[in-house]
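Engineer: Here it is, the structure, as structure tokens.
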Amino acid sequence: MKRQQIFGAALVGACLVLACVSAWGQATTGTILGNVKDQTGAAIPGVGVVATNIDTNFSRDTISDSTGHFFIQYLPVGTYRLEAELVGFKKFVQAGIVVGIDRNARIDPVLQVGEVNETVEVTSDAPLVDTAKTVLGQTVGNAEILNLPLVNRNVYDLLSITAGVQNTASSNAFGPPGFEVSVYGSPNAGTGGVNYTLDGGTSIMSLRNTGNPAPNPDAVQELRITTHMFDAEYGRYGGGVVNVLTKAGTNSFHGSLFHYHRNDALNAQEWNSLEKPVQRRNQFGGSVGGPIKKDKLFFFLSYSGLREREVAFENDARVPTALERTGDFSQMTKALIDPLTKKQFPDNKIPANRLDPTAQNIIKDWVPLPNLPGNYYEAQVPIRPRNDDLTGRIDYSFSDTHQLFGSYFLNKGERADVLGGTLPWTERLLTWKQQNYNVNETWTVSPVSMNLLHLTYVRHIGGRLNTPAKSLADFGSKYQIQGEP
5 MKRQQIFGAA
15 LVGACLVLAC
25 VSAWGQATTG
35 TILGNVKDQT
45 GAAIPGVGVV
55 ATNIDTNFSR
65 DTISDSTGHF
75 FIQYLPVGTY
85 RLEAELVGFK
95 KFVQAGIVVG
105 IDRNARIDPV
115 LQVGEVNETV
125 EVTSDAPLVD
135 TAKTVLGQTV
145 GNAEILNLPL
155 VNRNVYDLLS
165 ITAGVQNTAS
175 SNAFGPPGFE
185 VSVYGSPNAG
195 TGGVNYTLDG
205 GTSIMSLRNT
215 GNPAPNPDAV
225 QELRITTHMF
235 DAEYGRYGGG
245 VVNVLTKAGT
255 NSFHGSLFHY
265 HRNDALNAQE
275 WNSLEKPVQR
285 RNQFGGSVGG
295 PIKKDKLFFF
305 LSYSGLRERE
315 VAFENDARVP
325 TALERTGDFS
335 QMTKALIDPL
345 TKKQFPDNKI
355 PANRLDPTAQ
365 NIIKDWVPLP
375 NLPGNYYEAQ
385 VPIRPRNDDL
395 TGRIDYSFSD
405 THQLFGSYFL
415 NKGERADVLG
425 GTLPWTERLL
435 TWKQQNYNVN
445 ETWTVSPVSM
455 NLLHLTYVRH
465 IGGRLNTPAK
475 SLADFGSKYQ
485 IQGEP
């Protein structure tokens, strides 16, 4: 029995290790690469190259090969300083190198003859074009995320600044919100055309294959969409790849507070509405991040809330007037025929003893009086959207060769909705709760081998709560269908 248990455990372990073989992409990291040369253009092998994150002091090093080429992979997104040094040459330093999601920053150090204690500092920016990859796409950094206008503070709206990308819908017909984009006119954006990830893990609503809500802008470090020639690791869908990366803590404490308010008092009157629609929208929240242990352990937390009051308009419908509710149709020009005698009711008035009390109660409770010319009614159903999201992240650097981070994202909310009928009895409540768990480990086992482990768990809870049903008995009827209560 023990032998079988050991064999089973070994088999599971082997499957996990083999499963990790395919996880060699950079959904949360980037690369710095280049060629080291001297002033004559000759390649220099054996040069020590170090990339250091200026916010966390995390560093990773390598040595240029026989052709002078160096390659520093799986660097956490951020701004770096690159140093290259070799005995007999001045030390090369270049700062301000931005490493983005799944991007290659190419730096080609040129070493000058001299002492190592002498430094040549380069201040020019790194190339904006990634010459090491043929993918097409665009990265939206934290500065753009915070400074570009976002009406509803939804970072997916920024995808439309990319050529060929269009936001097509934001739906929640089944409860949880879903977001869809179209890449180069792809018609299947809402049925699995685009792959969405959060912190390297898939973040898709499996019910409709649409993108899950993303953290609020204050919690997003970088947003990237790849539209063409993306790596095979993203081969789940063919339309494109959307990567969202959360912020991480740094060696300094930082935070933010925000509150955005919209009020119908500042809105213009709509030409096709009887009155100005009610709107009270409040979005508020904040973030905080910093070191738990400098250079080693960092945290980041962010919260965002939404409270809103607005109305939804139903289609208009012809409804009975106050007189018609009592059986008086004398204001109608068309003759009202008695179904029993096949003759017109006198003066188009139905006798009171011919009015069914159950029908009268239904009209009284569920059918409103006209509010538009021509005895029409247009319903304004109050809707109170409510949403809360929480983002948390922990980063830990065991050493220069071993890093780990874990993130958690919660999006929870509810909103009233209408089914598109003509009277205000079709209201329903949509509820949702989304949770994303991600753990990412990067371990440089040796100069020629690296292990990446990524675990993702996504959970959805939600549904529709329709208006409570009523039976005829609730309106005073004694009629029953056989077999029904």
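For what it's worth, the working numbering labels the leading residue of the sequence shown as 5, then goes sequentially.
Where is the CB? At the ideal position from N, CA and C, for every residue including glycine.
As the structure is a computational prediction, the values presented were derived from the model and not from experiment.
#1: Assuming R266 and T143 are in contact, meaning their beta carbons sit under 8 Å apart, how far apart are those beta carbons, in whole angstroms?
#2: Three Cβ pairs or more, each shorter than 8 Å: is that satisfied between the segment 198-209 and the segment 144-151?
#3: Cα-Cα, which of V102, E184, H73, E119 is closest to G92?
#4: Measuring straight from C-alpha to C-alpha, what distance separates S403 and R64?
#5: Tell me the rounded alpha-carbon separation between A321 and V385.
#6: So what's E119 in DSSP terms, helix, strand or just coil?
#7: What does DSSP give as the partner residue(s) for M336 in the beta ladder?
#8: To which residues does DSSP link W436 through a beta bridge?
#9: Can you check which of these residues, G182, V155, S186, Y160, is closest to G168 by C-alpha distance?
#10: Determine the direct distance from the alpha carbon of N158 to that of Q98, and round the result to whole angstroms.
#11: Starting from the Cα of L305, find the closest Cα among Y241, N247, G410 and give me that residue.
#12: Closer than 8 Å is the cut-off here; do at least three beta carbon pairs connect the segment 450-458 with the segment 329-336?
#13: Between D222 and F262, is the Cβ-Cβ spacing less than 8 Å?
#14: Terminal residues of the continuous alpha helix (DSSP H) containing T330?
#15: Since S481 and T362 are thought to touch, with beta carbons under 8 Å apart, how far apart are those beta carbons, to the nearest angstrom?
#16: Tell me which residues share the same chain as N57 and place their Cβ nearer than 6 Å to its Cβ, disregarding the 5 neighbours each side in the sequence.
#17: Got a sec? Which residues, its chain only, sit under 8 Å from K347 by beta carbon, not counting five neighbours each side?
#18: Among W275, P281, S260, E274, which one has its Cα closest to the Cα of D268?
#19: Determine the extent of the beta strand (DSSP E) in which Q283 is found, giving its start and end residues.
#20: Please report the residue range of the beta strand (DSSP E) in which T143 lies.
#21: Just curious, the beta strand (DSSP E) that D399 is in, first and last residue?
#22: For F303 versus T254, is the C-beta spacing smaller than 8 Å?
#23: Keeping to the same chain, check which residues put their C-beta closer than 8 Å to that of L154; ignore five residues upstream and five downstream.
#24: Determine the DSSP secondary structure at F302, reduced to helix, strand or coil.
#25: Look up F234 in the DSSP assignment and say whether it is helix, strand or coil.
#26: Decide if L90 is buried, meaning its Cβ has at least 16 other Cβ atoms within 10 Å, or exposed.
#27: Pull up the distance between the alpha-carbon of Q116 and that of D299, whole angstroms please.
#28: How big is the Cα-Cα spacing for G50 and N199?
#29: For T71, name the three-state secondary structure that DSSP assigns.
#30: Residues in its own chain within less than 6 Å of I465 by CB, not counting five upstream and five downstream?
#31: Within 10 Å of its beta-carbon, does W28 have 16 or more other beta-carbons around it, so buried, or fewer, so exposed?
#32: How should D369 be labelled, buried or exposed, when 16 other C-beta atoms within 10 angstroms of its C-beta is the threshold for buried?
#33: Opposite L227 in the DSSP bridges: which residues?
#34: Cα-Cα, which of R285, I165, A316, P181 is closest to N415?
#35: Please confirm whether Q287 and L270 have their CB atoms less than 8 Å apart.
#36: Can you tell which of N213, P217, K95 has its C-alpha closest to the C-alpha of G243?
Structural biologist: Answer, in terms of the structure:
#1: Their Cβ separation, rounded to whole angstroms, is 30 Å, which puts R266 and T143 out of contact at 8 Å.
#2: Result no; under three Cβ-Cβ pairs closer than 8 Å.
#3: E119
#4: 9 Å
#5: 15 Å
#6: coil
#7: Paired residue(s): none; M336 is not in a bridge.
#8: G417, G466
#9: S186
#10: 35 Å
#11: G410
#12: no
#13: yes
#14: Where T330 is concerned, there is no enclosing alpha helix (DSSP H), given that its DSSP letter is neither H nor E.
#15: That pair is a contact at about 4 Å.
#16: G82, Y84
#17: I341
#18: P281
#19: Where Q283 is concerned, the enclosing beta strand (DSSP E) stretches over 283-297.
#20: DSSP places T143 inside the beta strand (DSSP E), whose first and last residues are 140-145.
#21: For D399, the enclosing beta strand (DSSP E) has its first and last residue at 390-403.
#22: No, the Cβ-Cβ distance between F303 and T254 is not below 8 Å.
#23: D161, L162, P221
#24: strand
#25: Three-state DSSP puts F234 in coil, outside helix and strand.
#26: L90 is classed as buried because its beta carbon has at least 16 other beta carbons within 10 Å across all chains shown.
#27: Roughly 32 Å separates the two Cα atoms.
#28: 41 Å
#29: coil
#30: K437
#31: Note that W28 scores a pLDDT of 41, beneath 50, so its modelled location is shaky and nothing firm can be said.
#32: exposed
#33: V144, V248
#34: P181
#35: no
#36: N213
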